[in-house]
Amino acid sequence: MNPTENSKNAYIEASKYFPGGVNSPVRAFKNVGGNPLFIDHGKGSHIFDIDGNEYVDYVLSWGPLILGHADDEVVKELKGAVEKGTSYGAPTTLETDLAKMITSIVPSIEMMRMVSSGTEATMSAIRLARGFTNREKILKFVGNYHGHSDSLLVDAGSGVATFDINTSPGVPKDLAYDTYTVAYNDIDAVKELFDNHGDEIACAIVEPIAGNMGVIPGTQAFLDTLRSETTKHGSLLIFDEVMSGFRAAFHGAQSLYNITPDLTTLGKVVGGGLPVGVFGGRKDIMSEITPAGKIYHAGTLSGNPLAMTGGISTLKQLNDDLYAQMIGKVDTLTEGIKKVADQNNVPITVHHVGTMWSYFFNAGPVNNFADVQKSDQKFFAKFFNELIKQGIYTAPSEFETNFMTSKHTDGDIQKTITAFDVAMKKLRN
Ligand code: PLP
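Every letter in the sequence shown is one number past the one before it in the working numbering, and letter 61, counting from 1, is 68.
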């Protein structure tokens, strides 16, 4: 590996202009030490930093790149789209084309709105739920992350958890007060909250497969309880599938649990690496959005033609066979990791659902945020850096998820298992 001198200098320069040197906190590697790697380009399953180092990438822009970097077809279609203009602020048929694909893949989304990020999708879905039910309280789960809008930055996962911030300074007390939080997978706590406050709760928002405290699947009983309690009390159920959509399964986590939420939010893969978010669901609820209804939502770049093209060219390449192949690769990788951890006597819990996977230095079980916090985070930081030295780029926090693409090769996967083995041997001795 070349020294990462260029990245170091680029970071010093960037730090003059951006707080912490980055435009999104977990990119800074603050939790694992060292400076972030500045990326020059990516192709397939690999990224290349500005010092000329090559890495097998499992971060994949934090999920969107299910076809890997610079997929030939996506690049070709984007080039064609950019020639025609980058934005009109008027409707295009591309928006309807992408909407039809989304509805056919996730049928609970009968009607939708395109936005430019997952944060906008969840923020807008919450406003819609509040407006539709005429209630103000919401329920979220500790360690679930739904983007950085005020109501949702309470007991959140991802960077909020990595940097140990419960509720961000700047979130008005009243908004935090309107957000009930309960431990993930805690059925009794959900029932108790709805028994006591059900008629005040506009919605429950949940990551059905949590991916922002590592991967932690919701249990069937937990999600069934959420469905029945929200229905019983006239609250809406929002599945935040910004991460799990097209990742946990082709048809989303909701297809794995056979649960129909009232609203779903999507992001990441749905834009194929361009800025797209979606919120949608029951037609009677979505019809309350302006200008059909009175609940306000808008966006200068919503449904942007380049972003729509990124989504269309990605989604049209997805199918059940491709998922079977990607899931097979995740199985091989995670089995390999467990095996080398056993051989090296390293306590580990490895979770994976569909194309999402993560590992905790923790003997387990890991079912909620409190369990994740018991993991050996110091060991994780050292381990992460050992992987980097061996050309393996994984999420720089235990409160994040790794992903798989259609482009990862058997060679990539074997190299990764070997790197885990070498790093464990080095750090255990
Ligand atoms: N919801 C979930 C489940 C996410 O994982 C994320 C981002 O990681 C978001 C919402 C926010 O999406 P964005 O970062 O595009 O605003």
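Glycine included, C-beta positions come from ideal geometry on N, C-alpha and C.
Taking residue i as the reference, give the member of the options with the closest Cα.
i: residue 416; options: 339, 404 and 211; result: 339
i: residue 300; options: 39, 430 and 138; result: 138
i: residue 208; options: 237, 410, 191 and 176; result: 237
i: residue 297; options: 134, 180, 380 and 354; result: 134
i: residue 69; options: 31, 77 and 96; result: 31
i: residue 150; options: 256, 390 and 169; result: 169
i: residue 324; options: 412, 99 and 146; result: 412
i: residue 185; options: 65, 216 and 142; result: 142
i: residue 65; options: 408, 136 and 206; result: 408
i: residue 253; options: 145, 387, 312 and 318; result: 318
i: residue 86; options: 292, 385, 431 and 312; result: 312
i: residue 206; options: 239, 157, 154 and 326; result: 239
i: residue 247; options: 278, 215 and 98; result: 215
i: residue 348; options: 8, 402 and 431; result: 431
i: residue 59; options: 11, 80, 78 and 140; result: 11
i: residue 224; options: 372, 195 and 155; result: 372
i: residue 402; options: 8, 28, 20 and 67; result: 67
i: residue 78; options: 53, 332 and 89; result: 53
i: residue 176; options: 157, 386, 193 and 191; result: 157
i: residue 350; options: 333, 427 and 369; result: 427
i: residue 217; options: 179, 290 and 376; result: 376
i: residue 278; options: 192, 106 and 410; result: 106
i: residue 322; options: 421, 26, 276 and 420; result: 276
i: residue 265; options: 293, 234 and 294; result: 234
Excluding five sequence neighbours on each side, which residues of the same chain lie with their C-beta closer than 7 Å to the C-beta of residue i?
i: residue 423; result: 63, 340 and 399
i: residue 152; result: 163, 164, 165, 167 and 219
i: residue 128; result: 122, 249, 272, 273, 274, 284, 285 and 286
i: residue 304; result: 120, 131, 296 and 297
i: residue 258; result: 112 and 113
i: residue 84; result: 316 and 320
i: residue 115; result: 261, 267, 268, 271 and 288
i: residue 80; result: 320 and 324
i: residue 194; result: 228, 229 and 232
i: residue 34; result: 43
When you compare the CB positions of residue i and residue j, do they come within less than 8 Å of one another, or not?
i: residue 198; j: residue 226; result: no
i: residue 94; j: residue 308; result: yes
i: residue 285; j: residue 108; result: no
i: residue 18; j: residue 43; result: yes
i: residue 75; j: residue 51; result: yes
i: residue 382; j: residue 282; result: no
i: residue 189; j: residue 229; result: no
i: residue 72; j: residue 280; result: yes
i: residue 405; j: residue 434; result: no
i: residue 222; j: residue 365; result: yes
i: residue 345; j: residue 357; result: yes
i: residue 255; j: residue 243; result: no
i: residue 146; j: residue 211; result: yes
i: residue 16; j: residue 388; result: no
i: residue 397; j: residue 429; result: yes
i: residue 245; j: residue 136; result: yes
i: residue 161; j: residue 183; result: yes
i: residue 367; j: residue 379; result: yes
i: residue 126; j: residue 117; result: no
i: residue 362; j: residue 395; result: no
i: residue 140; j: residue 28; result: no
i: residue 326; j: residue 192; result: no
Name the DSSP bridge partner or partners of residue i?
i: residue 55; result: 48 and 61
i: residue 398; result: Per DSSP, none; premise fails for residue 398.
i: residue 18; result: Residue 18 pairs with nothing; no bridge assigned.
i: residue 76; result: 51
i: residue 38; result: According to DSSP, which records beta bridges pairwise, residue 38 is partnered with nothing at all.
i: residue 409; result: 364
i: residue 100; result: BP columns for residue 100 are empty, so no partner.
Does any residue of chain B bring its CB to less than 8 Å from the CB of residue i?
i: residue 127; result: Within the model displayed, chain B is absent; a lone protein chain is all it includes.
Going by beta carbon distance, what residues of the same chain come within less than 8 Å of residue i, once the five residues before and after it are set aside?
i: residue 55; result: 46, 47, 48, 49, 61 and 62
i: residue 102; result: 121, 310 and 315
i: residue 96; result: 307
i: residue 187; result: 144, 145, 146, 147, 200, 204 and 208
i: residue 104; result: 315 and 319
i: residue 92; result: 312
Return the chain-ordered list of same chain residues with a C-beta closer than 6 Å to the C-beta of residue i, the five sequence neighbours on each side being excluded.
i: residue 359; result: 337 and 341
i: residue 290; result: 117 and 118
i: residue 178; result: 157 and 160
Next on the checklist: Threshold first: 4 residues or longer. Then list the alpha helix (DSSP H) segments lying entirely within the segment 192-261, N to C.
Outcome noted: Correct list: 194-204 and 227-239.
Item to check | Complete runs of the alpha helix (DSSP H) confined to the segment 353-389 [at least 4 residues] | outcome: For the segment 353-389, the continuous alpha helix (DSSP H) assignments of 4+ residues that do not extend past its boundaries occur at 376-380, in sequence order.
Next on the checklist: Suppose only complete runs of 3+ residues qualify. What are the beta strand (DSSP E) ranges in the segment 115-163, listed by chain order?
Outcome noted: Counting only runs of 3 or more, we get 118-122 and 144-148.
Checklist entry - At which residue ranges does the segment 251-328 contain complete beta strand (DSSP E) runs of 3 or more residues, listed in the order of the chain? => result Whole beta strand (DSSP E) segments, 3+ residues: 270-273 and 284-288.
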